[in-house]
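The structure appears below as C-alpha cells.
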C-alpha cells in the first residue's frame, strides 16, 4: 500500500498547532524538536513517531494519522480518518480502552499507556509507553484526544 501523500500533508496547520500546542501545555515540553522554518503540518506528518488523533463524537472517529500511523495500521489517510477509534482495538478489550480514555479525559493526559491494537489487515501489535492527551485550542475548547508513541512490537 502506498502511504505517501501529496504536499497537503493531509492536515491543516491549525490541527497541527492544536495537537502540538496541547501536548506542550499539558506536558511542558515539545512532542519532538520543532523546526520553525518548516510548516508544523509537514513536520507532524513526517515525524519519526506514530501520532494520531480522534474527534469528539460519541464514538470518536479518527481525524488524523501521520505517515508512521498510516503505515502501522496499514490504511490510507482517507480510510484511517473514517474509522471509529474503537476499531483500532480488538473487541475484547474495547471496554478497557473506554475506561482508559475516560481517565485521560479526567486527568488531561497519561504518559505510560500500553495496549494491543489491530491493523486493517488483522495484524496485532502492542503499543508501549504511549502518551495520550486531550486536545484543546488556545482558548480551552476541547477537540478530542491524541496519542503518540515510538515503541511497539508484533504479537
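In my numbering, the protein residues as written are 249 to 403.
All C-beta atoms in this analysis are idealised placements derived from N, C-alpha and C, irrespective of residue type, glycine included.
If you're wondering where the values come from, they're calculated on a predicted model, not measured in any experiment.
TODO: Could you give the DSSP three-state label for residue 379: helix, strand or coil?
DONE: For residue 379, the secondary structure class from DSSP, reduced to helix, strand or coil, is strand.
Task: CB contact flag (residue 365, residue 336, <7 Å) - done: Between residue 365 and residue 336, the CB-CB gap stays under 7 Å.
Open item on the list: Is the separation between the beta-carbon of residue 361 and that of residue 380 shorter than 7 Å?
Closed with: The answer is yes: Cβ separation under 7 Å.
Open item on the list: Which of the three DSSP states is assigned to residue 389 in this structure?
Closed with: Here residue 389 carries a coil assignment [DSSP, helix/strand/coil].
Open item on the list: Tell me the residue span of the beta strand (DSSP E) that contains residue 299.
Closed with: Element bounds for residue 299: 298-302.
Task: Cβ neighbour criterion (16 or more within 10 Å) applied to residue 302 - done: Under this definition residue 302 is a buried residue.
TODO: Check residue 373 in the structure and name its three-state DSSP category.
DONE: Reduced to three states, the DSSP call for residue 373 is strand.
TODO: Could you tell me if residue 276 is buried or exposed, where buried requires 16 or more neighbouring beta carbons within 10 angstroms of its beta carbon?
DONE: Answer is exposed; the Cβ neighbour count stays below 16.
Task: Selection from 282, 308, 314 and 265 that minimises the alpha carbon distance to residue 397 - done: Sorting 282, 308, 314 and 265 by C-alpha distance to the C-alpha of residue 397 places 314 at the top.
Task: Beta-carbon contacts of residue 267 that lie in its chain and below 8 Å, excluding the five residues immediately before and after - done: Correct list, in chain order: 279, 292, 299, 301, 312, 383 and 394.
- [ ] Write down every uninterrupted run of the alpha helix (DSSP H) in the stretch 303-366 whose length is 4 residues or greater and which is fully enclosed by it, in chain order.
- [x] Here the runs fully enclosed are 315-321, 325-328 and 342-355.
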